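Enquirer:
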Amino acid sequence: MTKIEVMGPIIANEDKWIYNWFEMPATCGKDITNALENATGEVEVHINSNGGDLFAGSEIYTALKDYNGLVTVKVVGMAASAASIIAMAGDKVLISPTAQMMIHNVQLYTGGDHRDLQDASNVAKNANVSVANAYQLKTGKSLNELLTLMGEETYVNAQQAVEMGLADEIMFQENTEAPRLVADLGGMLPQSALDKVRNLRAENQTQNVTIQAEDVKKIVAEAVDELKASLTLDNSEPNEKKPTNPQNAGFERFLF
383 MTKIEVMGPI IANEDKWIYN WFEMPATCGK DITNALENAT GEVEVHINSN
433 GGDLFAGSEI YTALKDYNGL VTVKVVGMAA SAASIIAMAG DKVLISPTAQ
483 MMIHNVQLYT GGDHRDLQDA SNVAKNANVS VANAYQLKTG KSLNELLTLM
533 GEETYVNAQQ AVEMGLADEI MFQENTEAPR LVADLGGMLP QSALDKVRNL
583 RAENQTQNVT IQAEDVKKIV AEAVDELKAS LTLDNSEPNE KKPTNPQNAG
633 FERFLF
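Numbers given in our numbering equal positions in the sequence shown, counted from 1, plus 382.
As structure tokens, this is what we get:
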């Protein structure tokens with residue numbers, strides 16, 4: 383299996399030498415295409431990036447989607463903006479329980495008169511649709527819904543990413559339909575289950591009746607469900623908003 387890291391800003395190929403010179407982590411399209419040329423079998427991509435250049439992100443996304451083998455993406459820190467597009471290239475997307483993802487509108491810095499600004503607005507809107515296409519292929523959500531989420535600059539934690547379809551699983555968690563005591567409670571039965579089983583034993587001893595295993599299983603399952611419900615966290619807090627302060631600085635860069 384080949385492991386590929388997407389770390390630091392997503393940058394254009396021609397800028398990579400500058401980041402190398404400053405010994406700063408960054409990822410460009412050539413980093414990924416070169417790694418894929420030497421890859422055999424499954425590829426595992428680790429992502430921790432706040433994003434960067436839109437077209438560099440698109441280049442990386444396309445290269446990963448075009449790879450013949452299985453691509454597993456692991457979001458180990460942040461997958462924001464262009465990095466979130468790259469995450470969508472995974473055949474399977476896993477996210478660390480401590481990681482986050484963020485999607486937002488494309489940012490285009492430009493200048494000029496009202497005609498130039500109108501043209502820039504149209505270009506940015508079209509770019510948003512291009513970005514939303516990647517999210518739609520992964521999540522199955524409508525373009526309008528995704529464009530709304532992008533316009534709101536949406537941050538999501540691991541649970542929310544899975545609920546939205548941006549990720550498939552949370553890392554280090556076992557997906558089981560029935561409660562499993564070892565996985566959920568460290569191998570210890572809830573105190574309420576212990577008390578109920580003791581009471582059941584005492585009652586049956588008085589009546590000279592053998593305790594049925596199914597009765598014990600039912601008590602344990604109910605106690606586990608009650609404990610899990612009491613520990614459920616409310617993940618419905620409103621998304622944090624990050625203020626932006628666009629500046630006119632040229633028309634050639636799409637930051638995402």
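For every residue, glycine included, the Cβ atom is placed at its ideal position computed from N, Cα and C. Keep in mind it's a predicted model, so treat the numbers as computed, not measured.
1) Enumerate, from N- to C-terminal direction, the unbroken alpha helix (DSSP H) stretches of 4 or more residues contained entirely within the stretch 449-490.
2) Helix, strand or coil: how does DSSP classify Tyr401 here?
3) Tell me the residue span of the beta strand (DSSP E) that contains Lys520.
4) Look at the alpha carbon of Asn539 and the alpha carbon of Gln482, and state the distance between them as a whole number of angstroms.
5) Given a cut-off of 8 Å on the beta-carbon distance, is the pair Val427 and Gly472 in contact?
6) Could you tell me the alpha carbon to alpha carbon distance between Ser478 and Lys600, rounded to whole angstroms?
7) Check whether the stretch 416-427 touches the stretch 390-399, counting contact only when three or more Cβ pairs, one atom from each stretch, lie closer than 8 Å.
8) Measuring straight from C-alpha to C-alpha, what distance separates Ile467 and His496?
9) Helix, strand or coil for Met546 per DSSP?
10) Roughly how many angstroms lie between the CA atoms of Gln542 and Glu551, to the nearest whole one?
11) Measuring CA to CA, which of Ala469, Trp399 and Leu531 is closest to Gly459?
12) For Ser524 and Arg580, what's the separation of their Cα atoms in angstroms?
13) Kindly list the residues whose CB is nearer than 7 Å to the CB of Ala516, restricted to its own chain and excluding five residues on each side of it in sequence; keep chain order.
14) Who pairs with Ile414 in a beta bridge, going by DSSP?
15) Give the single residue among Leu531, Leu529 and Ala461 whose Cα lies nearest to the Cα of Gly434.
16) To the nearest whole angstrom, what separates the beta carbons of Val488 and Ala506, a pair I think is in contact under 8 Å?
17) Gly390 by DSSP, collapsed to three states: which one?
18) Which value, in whole angstroms, describes the spacing of the CA atoms of Leu452 and Thr521?
19) Would you call Gly569 buried or exposed, if buried means 16 or more other Cβ atoms sit within 10 Å of its Cβ?
20) If you count every other CB in all the chains shown that lies within 10 Å of the CB of Ala464, and 16 or more means buried, which is it?
21) Pull up the distance between the alpha-carbon of Gly390 and that of Ala445, whole angstroms please.
Expert: Quick answer:
1) 464-469
2) helix
3) Counting along the chain, Lys520 falls outside any beta strand (DSSP E), though it belongs to the alpha helix (DSSP H) covering His496 to Thr521.
4) 5 Å
5) Cβ distance < 8 Å, so Val427 and Gly472 count as in contact.
6) 33 Å
7) no
8) Distance from the CA of Ile467 to the CA of His496, rounded to the nearest whole angstrom, comes to 31 Å.
9) helix
10) 11 Å
11) Ala469
12) 54 Å
13) Tyr443, Ile467 and Met470
14) Per DSSP, none; premise fails for Ile414.
15) Ala461
16) 5 Å
17) coil
18) Rounded to whole angstroms, Leu452 to Thr521 spans 19 Å at the Cα level.
19) Residue placement at Gly569 is poorly supported in this model, since its pLDDT is 41, which falls under 50; the coordinates are not used for a value here.
20) buried
21) Distance between the alpha carbons of Gly390 and Ala445: 19 Å.
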